[in-house]
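Colleague: Sequential numbering from 2 applies to the sequence shown in our numbering.
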Amino acid sequence: MDPAVERRVDAMIAQGEDAGCVDLSEVSELVQELDLDDDDAHAVHERIEQRGLDVTDDCGRSAEAQRYQNGDVADVTTDALQLFMRDVRRYPLLTAEEEVELAKRVERGDLEAKERMVNANLRLVVANAKRYQGHDLSLLDLIQEGILGLIRAAEKFDWRKGFKFSTYATFWVRQAMQRAIANQGRTIRIPVHIGQRQRKIARAERELSSQLGREPTDEERAAAAEVSLDELRETREVTRTLTSLDRPVGEEGETELGELLPSEDRGPEEEVEIGLRQEQVRDAVERLPDQQRDVIRLRYGINGDEPTPLREAGRRLGMSPEGVRRIERQALARLAESREVAALSEAA
């Protein structure tokens, strides 16, 4: 990027840091005034993103959040994506005059004009969605989020400033995709600034690997990404890979990862074994003398009840706690000599 352009961008960012955000109209004006190509415009956006600043229209005023339900979306399949791509080509691009005319109609509340403005710029959404592939959201999900940003851009576009709609809409589209990645892309959400730092480090790592022909060291990664070693390690720890239990595994993907992990529930064989052991214990307890049997049932909840404390057991049986304890010891000694309990000890 040209040094003069960089100075203008830095000045705009410095002003944005004071306000807590960067006004989208100012960014659009800068891109238009300096006649930046797509790569330079993307670089400007990344510079703003690296500073952790939001790009919003009417900076300082909150915009109504766009929401949708996952159940309202068709199954994400290759066929659905191909169908969407085919439909995109049906809508012709707009001339500058047509954009202005449609924008005027949108201001008057013409929904048909807004729909045409959005449909004619769906190619812009697809092109930007491909930039963010590989960030935990599918291409179709990214496109859907980008369309929400595109709709918002169509509602807020000011044709009087003389900008191309695509230049203005690009920032809304990218911002919608970035927020979706931050909010939906992970099972466990991470802070937005950590996600931005992660993308910055990953981009620096790719460039270094290409230049050096080997894996870069942590020091080289940190220097290229303009972060400290502590920030690099923090990002690596926070953003460690998370894997879904529904992820297909195997050569043909016929098995889910969760099916290969051991369950905390007992298996059928274990349930049968536990049932047989409980039955043997109950049989041994039934052969005890009446008083010893009553004490063991109460103290250990043999019949499925909760175990009874020593004092409460004595109250129920009309005995002192010491008397209950003495009979319990006698009963346990007798049980230890029984064949059923001895067999369980050997099996264990």
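Every residue, glycine too, gets a C-beta built ideally from N, C-alpha and C. All values derive from a computational prediction rather than experimental measurement.
Could you name the residues that DSSP lists as bridge partners for V396?
Modeller: The first residue shown for the chain is 2 and the last is 349, placing residue 396 beyond what the model contains.
Colleague: Could you give the residue range of the alpha helix (DSSP H) that holds D19?
Modeller: From DSSP, the alpha helix (DSSP H) with D19 extends over 4-20.
Colleague: Short of 7 Å in beta carbon distance, which residues of its chain neighbour T236, apart from the five on each side in sequence? Order them along the chain.
Modeller: Once the five neighbours on either side are set aside, the close Cβ partners of T236 are I195, R198, Q199, I202.
Colleague: If we ignore side chains and look at the alpha-carbon of each, how far apart do R335 and G324 end up?
Modeller: Cα-Cα distance, rounded: 17 Å.
Colleague: In this structure, does DSSP put E257 in helix, strand or coil?
Modeller: The answer is strand: DSSP assigns E257 an E or B state.
Colleague: Within a Cβ cutoff of 8 Å, which residues of the same chain sit near T309, ignoring the five residues on either side of it in sequence?
Modeller: Contacts found: L299, R300, G302, R317.
Colleague: Between the region 47-56 and the region 10-25, do three or more beta carbon pairs fall short of 8 Å?
Modeller: Contact between the region 47-56 and the region 10-25 is present, because at least three Cβ pairs lie under 8 Å.
Colleague: L103: beta carbon under 7 Å from a heavy atom of the ligand GTP?
Modeller: For the structure depicted, the ligand GTP is absent and the ligand set is empty, with no information on it obtainable.
Colleague: If distances are taken between C-alpha atoms only, which option among E108, L123, A177 comes closest to F85?
Modeller: When only C-alpha atoms are compared, the closest one is L123.
Colleague: With the cut-off set at 8 Å, would you say A225 and E208 are in Cβ contact?
Modeller: Yes; because the gap between Cβ atoms is below 8 Å, this pair is in contact.
Colleague: Taking the straight line between their C-alpha atoms, what separation do you get for R87 and I148?
Modeller: Between R87 and I148, the C-alpha separation is close to 16 Å.
Colleague: Give me whichever residues DSSP pairs with V174 in a beta bridge.
Modeller: Looking at the DSSP assignment, V174 forms no beta bridge with any residue, so it has no partner.
Colleague: To the nearest angstrom, how far is it from the Cα of T256 to the Cα of V126?
Modeller: The straight-line gap from Cα to Cα measures roughly 34 Å.
Colleague: Compare the Cα-Cα distances from E184 to each of V228, E146, L151 and report the closest residue.
Modeller: Reading off the sequence shown, one finds Asn at residue 184, where the question assumed Glu. When each option's Cα is compared against that of N184, the closest is E146.
Colleague: DSSP three-state call for V381: helix, strand or coil?
Modeller: No answer is possible for residue 381: the residues shown for the chain start at 2 and end at 349.
Colleague: In this structure, does DSSP put D88 in helix, strand or coil?
Modeller: Of the three classes helix, strand and coil, the one that applies to D88 here is helix, per DSSP.
Colleague: Cutting at 6 Å between CB atoms, please list the residues of its own chain near A64, excluding the five before and the five after it.
Modeller: Residue placement at A64 cannot be trusted, given a pLDDT of 43 that sits under 50; the coordinates are not used to answer.
Colleague: At what residues does the alpha helix (DSSP H) containing E113 begin and finish?
Modeller: Run containing E113: 112-121, per the alpha helix (DSSP H) assignment.
Colleague: Under 8 Å, do L103 and M118 count as touching if we go by C-beta distance?
Modeller: Yes. Within cutoff.
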